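K.L.:
Letter 30 of the sequence shown, counting from 1, is numbered 30 in full-length UniProt numbering, and no numbers are missing.
We treat Cβ as the ideally placed atom computed from N, Cα and C, and that holds for glycine.
This one's a predicted model, so the numbers in the text were calculated from it and none came from an experiment.
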Amino acid sequence: MRPLILYLKGFTGVRDGMKRDEITIDFEMLPAGLIALVGPNGCGKTTIMDNLHPYRILPSRATKLSVDAFSYWDHLFGVQAEKVLEWEHGGVR
Numbered sequence: 001m002r003p004l005i006l007y008l009k010g011f012t013g014v015r016d017g018m019k020r021d022e023i024t025i026d027f028e029m030l031p032a033g034l035i036a037l038v039g040p041n042g043c044g045k046t047t048i049m050d051n052l053h054p055y056r057i058l059p060s061r062a063t064k065l066s067v068d069a070f071s072y073w074d075h076l077f078g079v080q081a082e083k084v085l086e087w088e089h090g091g092v093r
């Protein structure tokens, strides 16, 4: 799986760390190769990494291997939170 675009709106990690309500990362516009997320503690790096898959789970927040290990909804704010991830696998979008 290769992420192409990640859009996050209403995530507390983005709001608290980047002081923004939403972000869009267009991975297709970045140079090919290794991508590094760098920044100080609490700036939203983990929130970005936790959302690079299509599911409603934040792996870094889970305390055990079960669906009740944490609440995804505790990491959102507002009534219009949104996650959009476009990706390709095997050349198929």
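Give me, in chain order, the residues of the same chain whose beta-carbon lies closer than 8 Å to that of Leu76; leave out the 5 immediate sequence neighbours on both sides.
P.N.:
Result list for Leu76: Gly10, Phe11 and Thr12, in chain order.
K.L.:
For Asp26, count neighbouring C-beta atoms within 10 Å of its own C-beta (all shown protein chains included) and say buried if the count is 16 or more, exposed if not.
P.N.:
With fewer than 16 Cβ atoms within 10 Å of its Cβ, Asp26 is classed as exposed.
K.L.:
Could you have a look at Tyr72 and say whether DSSP puts it in helix, strand or coil?
P.N.:
Tyr72 falls in the helix class under three-state DSSP.
K.L.:
Buried or exposed: Gly44, going by 16 or more other Cβ atoms within 10 Å of its Cβ?
P.N.:
Buried: at least 16 other Cβ atoms inside 10 Å.
K.L.:
How would you label Met29, buried or exposed, when you count the other beta carbons within 10 angstroms and need 16 or more for buried?
P.N.:
Under this definition Met29 is an exposed residue.
K.L.:
For Arg61 and Phe70, what's the separation of their Cα atoms in angstroms?
P.N.:
Approximately 7 Å between the Cα atoms of the pair.
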